[in-house]
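Protein chains in written order, with our numbering: chain A, 513 to 631; chain B, 32 to 260.
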């Protein structure tokens with residue numbers, strides 16, 4: 513029987529860094545292409561509704577008269593169809609994933625009415 | 032180590048397991064030369080660790096006693112039961128759909144890996160050798176990749192039917208689509224390799240010990256959701 517057969521591995525493990533990430537102390541950095549959530553630049557949006565038609569889960573609702581764009585974050589599957597079909601390119605995919613929540617809410621964004629400059 | 036591969040997927044496509052990067056006409060995202068070089072570097076570093084790991088599977092006496100001589104499938108049986116993939120190649124049949132030369136495989140050089148003994152150890156051996164062959168294929172592909180557009184514009188609706196066989200890690204999958212001129216398809220059928228290996232697995236289970244059953248089920252590398260197809 514050899515003595516201290518495990519000593520080498522033991523010493524190595526004692527003095528080396530952990531192989532795992534020190535989350536949540538160390539925040540997780542996602543690559544830039546990660547499909548986390550969809551964001552809309554509401555000032556550029558024309559509320560055409562194309563994103564709502566292309567969405568496979570029906571997560572996006574567009575109200576043209578009221579100028580509001582709402583998305584159900586927990587229904588979105590981050591496929592990117594809306595981003596690809598937006599004619600004004602106001603939609604984009606951001607890397608951060610949706611935070612866990614206790615109920616499935618809807619986020620609504622409304623465009624502020626523009627000042628009418630007509631004389 | 033799997034995290035390194037998942038990170039590579041996330042950096043290039045945006046998703047770890049679900050890539051959503053294919054579309055009709057090509058792909059949606061491009062990889063530049065820096066990203067490819069980084070990937071090859073990661074793979075080279077991983078290859079060393081993988082060789083160390085695979086020694087555990089191939090040389091450890093405890094693992095060998097569980098794998099050798101278990102689940103024998105002769106070449107004739109494998110042929111008759113319609114097995115595919117590494118399951119079939121470990122029984123001695125020399126067939127790899129990638130050699131048909133679809134996609135970029137006609138420009139890449141690699142050999143079909145087979146084994147003559149048809150037991151679980153042979154299948155493990157074939158899969159591990161294919162692992163290193165995959166790393167080699169990726170290195171070749173990164174060298175030969177041309178600098179051109181990533182997608183071709185496609186117009187119109189599909190009409191007619193098409194049949195295609197591709198080689199997936201678990202075996203050969205068959206895709207059949209039938210369109211009728213509108214944007215909805217008439218028929219889509221995917222025959223997965225797990226589904227094709229099920230009769231072979233049932234044959235190996237005959238007369239097996241109860242303790243060998245999990246090993247025999249895992250030896251076809253089943254994707255459980257594919258068994259429903």
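Note that the Cβ used here is the ideal one computed from N, Cα and C, for glycine as well.
Under a CB-based cut-off of 7 Å, is residue 42(B) close to chain A?
yes
Just curious, the beta strand (DSSP E) that residue 118(B) is in, first and last residue?
Per DSSP, residue 118(B) belongs to no beta strand (DSSP E); it is in the alpha helix (DSSP H), 117 to 120.
Residues of the segment 577 to 609 of chain A with Cβ closer than 7 Å to any Cβ of chain B, in chain order:
591, 592
Which listed residue (67(B), 38(B), 97(B)) has its alpha carbon closest to that of residue 240(B)
97(B)
Going by DSSP in three states, residue 256(B) sits in which element: helix, strand or coil?
helix
Go through its chain and collect everything with a Cβ distance to residue 202(B)'s Cβ below 6 Å, but skip five positions before and after it.
115, 116, 224
Three-state secondary structure (DSSP) of residue 631(A)
At residue 631(A) the pLDDT is 46, less than 50, meaning the model places this residue with poor confidence; the figure from the coordinates comes in the next sentence. Note: residue 631(A) maps to coil in three-state DSSP.
Find out if the Cβ-Cβ distance for the pair residue 205(B), residue 55(B) is shorter than 7 Å.
no
Hey, out of 555(A), 564(A), 577(A), whose CA is closest to residue 587(A)'s CA?
564(A)
Drop a sphere of 10 angstroms on the beta-carbon of residue 212(B), count the other beta-carbons inside from all chains shown, and report buried for 16 or more, exposed for fewer.
exposed
Could you tell me whether the Cβ atoms of residue 196(B) and residue 207(B) are closer together than 7 Å?
no
Contact check, residue 157(B) vs residue 120(B) under 8 Å by CB: the rounded distance?
5 Å
Any beta carbon from chain B within less than 7 Å of residue 531(A)'s own beta carbon?
no
Between the C-alpha atoms of residue 168(B) and residue 77(B), what's the straight-line distance to the nearest angstrom?
15 Å
Let me see if you follow: with CB-CB separation under 7 Å, is residue 517(A) close to chain B or not?
no
Which one of 533(A), 525(A), 598(A) has the shortest CA to CA distance from residue 554(A)?
598(A)
Take the Cβ of residue 74(B) as the centre, count every other Cβ of all protein chains shown within 10 Å, and call the residue buried at 16 or more, exposed below.
buried
Going along the chain, which residues of its own chain have a beta-carbon closer than 8 Å to the beta-carbon of residue 216(B), five neighbours each way excluded?
189, 208, 209, 210
Any beta carbon of chain A sitting closer than 7 Å to that of residue 137(B)?
no
What residue ranges within the segment 150 to 226 of chain B form continuous alpha helix (DSSP H) runs of no fewer than 4 residues, ordered along the chain?
151 to 175
Residues near residue 616(A) by beta carbon distance below 6 Å, same chain, minus five either side:
586
Mind checking if residue 179(B) is an interface residue toward chain A, Cβ cutoff 7 Å exclusive?
no
May I have the straight-line CA-CA distance separating residue 258(B) from residue 248(B), to the nearest angstrom?
12 Å
Expressed to the nearest angstrom, what Euclidean distance is found between the alpha-carbon atoms of residue 45(B) and residue 610(A)?
15 Å
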